[in-house]
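In the working numbering, the protein residues as written are 2 to 519.
Here a beta-carbon is modelled for each residue, glycine too, at the ideal position from N, C-alpha and C.
Inspection log for the structure reproduced underneath, given as structure tokens.
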């Protein structure tokens, strides 16, 4: 998505539409001091809105103006307040600016992908930026350093630099089948600065020097509107033709995987809310019989449904499928970072445990989840007793695995835990499909899948330990038989649906392993 970064420009433009109205109305009804009070109220209300929505609707909290207005309003309040009539010593001003730099630096180096954002965490870099701006109004050595020629130049080109940086990263990635090295990243930065300078020096001055007269507006307005309409028509045609697919046929295996992925995401057993599925498609065999074989987990369990159906049908089991997107089968935990999918995970997993515990003659329970996310630190778990952390997450996983059998009914049934599927973290499927589209060799795309998966499989084995009540399934012997290479495409079928899930063909490769354990 090469233009995803323009969402922030949209938020800014919306703010600039409402900003003059707020100022004018506040001046009219409350006077000059009232404007500051109104802006302070906007900051407080919007920040509360951002924090609350972070738990219930993180996407809205991140992308939409009501939840981000407070950040822009801080700058507005700072601009109206000026230096507050203060005369601050150089040393004090330097401390303020230095503190601001350290606070912003803390946000850069210590915020992680699991850090909830925006909400109260976004307040930290905003306070840092405000201190830099406020302290910079007074003469001090730190601000003098920030005003050097290089920093000023970067400031001048910052807007075009923001415009070009993300498209360069995205299109460069689309053209590559290997992970971007540090040397390539430095080249990317150089290209970004070059493109930004061209826009700053060659494009922006043209528009700055044109007088804003009515006569010129009659000329420029159609010229501004025409590209918008043209782009809208192009986008509409791409939407209606599903990306102008006729311009270049995709390889059959990529199209097959895309079709299977679309069906997978619409599976009635892959729930999005807190309730268990009531679809008849989630019951295998006679619906009047009590289940004897259950599949429970997140989408990494859903990917096993073709194999699960084959096992149930071939062996006469009455099957039950209990899956929810984004919710690893780790009961009594809150999963971070917050998202719409994870919002109801605790309730869903509790209901899943209750449903399985009510089965009188259970023969087998197959449990599958995206364990890699939590083993790698990409996701965190908390049970409310401690602050979420990678180490704490692994302790919780080990505890829940050891207690899982205790929460379920006693009996001689098999508890089978599916291991780490070799999908990797480097978007091997996307890389391979792009390379195949361009008739390039895509073996490099999955060159590290085996070693990467083996690493996390060993971690998972360590958490399960010597628990004789759990049988752990390893995908690697069947999906990567030579113990070196895990193919995205085996010459006949795609082994993956997307960057996170294996295909039905790959799922069925573990059927005999599971049947042997049952």
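| Item | Value |
| --- | --- |
| Cβ separation of residue 308 and residue 512, assumed to be a contact under 8 Å, to the nearest whole Å | 5 Å |
| Cβ-Cβ separation, residue 149 to residue 98 (assumed contact under 8 Å), whole Å | The Cβ separation is near 14 Å, so there is no contact. |
| Three or more C-beta pairs below 8 Å linking the segment 450-458 and the segment 420-428 | yes |
| CA nearest to the CA of residue 349, picked from 391, 300, 324, 366 | 324 |
| Closest by C-alpha distance to residue 285, when choosing among 321, 305, 413, 253 | 321 |
| Buried versus exposed call for residue 496 [16 or more other C-beta atoms within 10 Å across all chains shown] | buried |
| Any 3 or more C-beta pairs closer than 8 Å across the segment 286-297 and the segment 490-508 | no |
| CB contact flag (residue 365, residue 428, <8 Å) | no |
| C-alpha distance - residue 437 paired with residue 483, whole-angstrom precision | 23 Å |
| Limits of the alpha helix (DSSP H) - the one that residue 441 falls within | That residue, residue 441, is in no alpha helix (DSSP H); it is neither H nor E in DSSP. |
| Local Cβ density within 10 Å of residue 434, reported as buried at 16 or more and exposed below that | buried |
| Own chain partners of residue 381 with C-beta closer than 6 Å, once the 5 adjacent residues on each side are dropped | 115, 337, 389, 394 |
| Element boundaries [beta strand (DSSP E), containing residue 295] | 294-298 |
| Same chain, Cβ closer than 7 Å to residue 45, neighbours up to 5 away in sequence not counted | none |
| Identity of the residues DSSP links to residue 503 by a beta bridge | 497 |
| Whether residue 363 touches residue 412 by CB criterion (8 Å) | yes |
| CA-to-CA distance, residue 173 to residue 165, given in whole angstroms | 12 Å |
| Length at least 3, wholly inside the segment 224-310: the beta strand (DSSP E) runs in chain order | 294-298 |
| Length-filtered (4 minimum) alpha helix (DSSP H) runs lying within the segment 377-407 | none |
| Span of the beta strand (DSSP E), counted from its first residue to its last, around residue 453 | First-last for residue 453: 450-465, but that is the alpha helix (DSSP H), not the beta strand (DSSP E). |
| Pairwise C-alpha distance: residue 335 and residue 133 | 37 Å |
| C-beta contact flag for residue 376 and residue 461 at 8 Å | yes |
| Supposed contact pair residue 270 and residue 306 - C-beta distance, whole angstroms, cut 8 Å | 7 Å |
| Residue 214 (DSSP reduced to helix, strand or coil) | coil |
| Residue 127 to residue 485 span [Cα, whole Å] | 48 Å |
| Local Cβ density within 10 Å of residue 178, reported as buried at 16 or more and exposed below that | buried |
| Residue environment, residue 34, which counts as buried when at least 16 other CB atoms sit within 10 Å | exposed |
| Alpha-carbon spacing of residue 406 relative to residue 298, whole angstroms | 15 Å |
| Residue environment, residue 371, which counts as buried when at least 16 other CB atoms sit within 10 Å | buried |
| Segment limits, beta strand (DSSP E) that includes residue 324 | 320-325 |
| Beta carbon of residue 502 nearer than 8 Å to that of residue 424 | yes |
| Closest Cα partner of residue 84 within the set 113, 117, 136, 43 | 136 |
| With 16 other Cβ atoms within 10 Å as the buried cut-off, status of residue 314 | exposed |
| Exposure label - residue 272; buried when at least 16 CB within 10 Å | buried |
| Beta-carbon proximity of residue 89 to residue 139, cut-off 8 Å | yes |
| Counted within 10 angstroms of its Cβ, other Cβ atoms place residue 17 as buried (16 or more) or exposed | exposed |
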